[in-house]
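So in full-length UniProt numbering, spot 279 of the sequence shown is number 279, and the numbers just go up one at a time.
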Amino acid sequence: MQTFKYLESNNERIDKVLSSYLNISRTHAAKLIEQNVVYLNDQLITKPKHLVVLNDQIKVLETEIKEINTNTLAYEYDLKIIYEDNDLLVVYKPSGMLVHPSVYNEQDTLVNALKFYFKDQYFYIAHRLDKFTSGMLIVAKNPEALEKIQSQFMNCSVDKAYYALVENRFDDAHLHFMIDEPIGHSYQDKLRMRTSNSKNPKEAKTIVKVLEQYINTALVSVQIITGRTHQIRVHMRHINHPVINDPLYGSRKHVTDYEQFLHAYYLKFIHPTTNQILEFKDELPNEFLEMINKLKHERY
């Protein structure tokens, strides 16, 4: 059997948790539940909407996981592997690629590409990136590595930083600061998160450092202390500096075909087996660099 611990602070439906931890679609996760092979704290789970909370133990019969993983489509894609060893790898996810298969896309996600890369070997996505956010992701190769890595995320001990191109200039006296605003789900739109008048808001802290300013935009480096859904995008919107081309929280029409200019460029964490500090820094995508060059040459 396969057993793992849920280490996220937000409560989540068990079908979504299975999808995330086992790298399968939610449809396949629902099939596992229908087959009566999913247990939560040693209790059989029969409904996909059952909520999982922090430190819950989830158990799935090994044979059934293999059956579902076999059904996950492999997608031949030239992955950019930044680092790999016996316990984990760090991989680059381009903007526009989903991490996990969905009802609408079960073929060309990062999980499908990793399925092709790993062949029959198990793998586990340790954290998340939005579809239109590019950058580095940690992938565990065994449940023990996954639990130790996710524990670091839970304890906010993983250093993560992003580059973002945002709307509007900053006051020259306000170029390095922290946003400390709780984030929760919007009551009006289930796809959106909010800082105010939100459902079940949770603590969220974001450090912003302005790197360059242009006519009416800026390049910032953003470090997230917590890891809430859409945290950077929501916080930047909250201070009237939404990410350029953000489809949910942006305030202007798209200026290019490239989606939101948000890139996860920095990771620092402790190796789950050797306890060595691992540190990685990724280059900006070409589309990002082209946009910066364009903004630098704009005239008043």
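Positions of the beta carbon are idealized from the N, C-alpha and C atoms, including for glycine.
Tell me where the beta strand (DSSP E) around residue i begins and ends.
i      : result
Pro201 : 198-202
Ala218 : 217-224
His238 : Here His238 belongs to no beta strand (DSSP E); instead the alpha helix (DSSP H) covers 231-238.
Lys131 : Here Lys131 belongs to no beta strand (DSSP E), and DSSP marks it neither H nor E.
Thr206 : 205-213
Once DSSP output is grouped into helix, strand and coil, what is the label at residue i?
i      : result
Arg26  : helix
Val38  : strand
Val243 : strand
Ile33  : helix
Ser186 : strand
Tyr124 : strand
Asn45  : The residue asked about is misnamed: residue 45 is Ile in this sequence, not Asn. Ile45 falls in the coil class under three-state DSSP.
Val166 : strand
Along the chain, where does the alpha helix (DSSP H) that runs through residue i open and close?
i      : result
Leu175 : Segment: none, Leu175 is in no alpha helix (DSSP H) and carries neither H nor E.
Leu295 : 286-296
Lys148 : 143-154
Phe118 : 110-118
Is residue i close to chain B? Criterion is C-beta to C-beta, closer than 9 Å.
i     : result
Asp87 : Considering every chain present, this structure includes no chain B. It has just one protein chain.
Report the partner residues of residue i according to the DSSP bridge assignment.
i      : result
Lys160 : Leu267
Ile81  : Val91
Leu278 : Phe269
Gln2   : Val60
Glu106 : DSSP output for Glu106 lists no bridge partner at all.
Nearest to residue i by CA position, among the options, is which residue?
i      : options                        : result
Leu267 : Thr27, Leu278, Ile215          : Leu278
Val208 : Thr195, His174, Met193         : His174
Leu88  : Leu129, Met136, Val222, Ser19  : Met136
Thr72  : Thr27, Phe280, Ile225          : Thr27
Leu129 : His100, Lys253, Lys80          : His100
Pro143 : Phe132, Lys131, Val158, Ala126 : Ala126
Ile232 : Ile81, Leu289, Ala264          : Ala264
With a cut-off of 8 Å on the beta carbons, I'd call residue i and residue j a contact; round off their distance for me.
i      : j      : result
Tyr162 : Leu262 : 6 Å
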